[in-house]
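Okay, structure first, notes after.
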Ligand code: SF4
Ligand code: SF4
Ligand code: SF4
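Residue numbers (the working numbering): 383 to 709.
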């Protein structure tokens, strides 16, 4: 068997049972994802080589462990945002925010997952021989690890008056905390509601916070912490063009397996012009809190200014007419 972990001297000296051997020498197709071959586990030089990178997130293999959320907090030393129990879901972090740069949403839907055979959720009446087809109760639980989308045209970056938000060599969008003055213009300009201010700013940092795409790690050739720890490779980090091809292939694979509502969420047709952290979704984007047609707010500036100028001219004409009438 090729591709195993025991080779050379070790392989010839270690006598192991066939069943144990099968457990140790896993062929690649038996592993979840690509294991040590994955781009999540390899060092890279994308920052040095100016290669556009991204995240492809696939909820069809996410197990909702939230290891990505924890790794993000640990690496970036992001403070907790309270340990409140929502009472609505096992998801206690709720949404992305100034202190939650990764958020694994738990989505409960009354739909079947792929070719899942749904059954009666309640016990049938033991006295009755009639089965009520209406009582079949499809249910699916989807987990999606959400993050800053690192937009191709980023509303936050366009709105920032201090130049604190910049585009990096790998195409990600980075807030420089020592330049940010906490004005909050970026907060209202993000079409995804990602970037946010802390209720109480930190003593040594501006005010607006979001995922950094682990730029500090990437500069040293390391993979972002959230992708590195994901045990199922639901989050995959790598070259953006490779990921887009991988995403398209995965959608096709899932559709052939009965997930007819699988699609990619990557709004390339809007003024956002695509995102570096794109998702595979099951069903409609709205269910995940993703706008179906996100737009960069500045595209509305032209019509807003035109309306303002027309209104000003019309008001001037009315005032002149009033003066002319009474004089
Ligand atoms: S998702 Fe929002 S915060 Fe992230 S890059 Fe786009 S506009 Fe900026
Ligand atoms: S890339 Fe880094 S900062 Fe962004 S969510 Fe992942 S761990 Fe957090
Ligand atoms: S994305 Fe990966 S690490 Fe995050 S919850 Fe899902 S399986 Fe766990």
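Where is the CB? At the ideal position from N, CA and C, for every residue including glycine. Predicted model, so just to flag it, every value in this text is computed and none were measured.
Note that the C-beta distance between residue 522 and residue 498 is below 9 Å. Taken atom to atom, the span from the alpha-carbon of residue 541 to that of residue 623 is near 28 Å.
By the criterion of a C-beta distance shorter than 6 Å, residue 425 is surrounded in its chain by 603, once the five residues flanking it on both sides are discounted. Listed in chain order, the non-local C-beta contacts of residue 421 below 7 Å within the same chain comprise 618, 619 and 620, local neighbours out to five positions each way being set aside. Counting only runs of 3+ residues, the beta strand (DSSP E) found wholly inside the segment 596-684 occupies 617-621, 644-647 and 659-664, in chain order. In terms of side-chain proximity, the C-beta atom of residue 453 is found no nearer than 8 Å to any non-hydrogen atom of ligand 1. Residue nearest to residue 550 within the set 461, 493, 483 and 434 is 434 (criterion: CA-CA distance).
Three or more pairs of CB atoms, one per stretch, sit closer than 8 Å, so the segment 645-654 contacts the segment 673-689. Secondary structure of residue 552 (DSSP, three-state): coil. For residue 485, the enclosing beta strand (DSSP E) covers residues 484-491. Collapsing the DSSP output to three states places residue 578 in a strand. A direct Cα-to-Cα measurement between residue 535 and residue 573 gives close to 11 Å. A distance criterion of 8 Å places the beta-carbon of residue 422 beyond contact range of ligand 2, judged by its closest non-hydrogen atom.
Contact check for residue 615 against residue 443 passes: the beta carbons are separated by less than 9 Å. Contact annotation, residue 593 with residue 530: C-beta distance approximately 4 Å; criterion of less than 8 Å satisfied. Put simply, the segment 465-476 does not touch the segment 641-649. Fewer than three CB pairs are less than 8 Å apart. Here residue 526 carries a strand assignment [DSSP, helix/strand/coil].
Counting along the chain, the unbroken alpha helix (DSSP H) around residue 570 starts and ends at 567-571. Separation of residue 608 and residue 569 (C-alpha to C-alpha, rounded to the nearest whole angstrom) is 23 Å. Under DSSP, residue 438 shares a beta bridge with 618 and 660.
Note on geometry: alpha-carbon atoms of residue 578 and residue 566 lie some 8 Å from one another.
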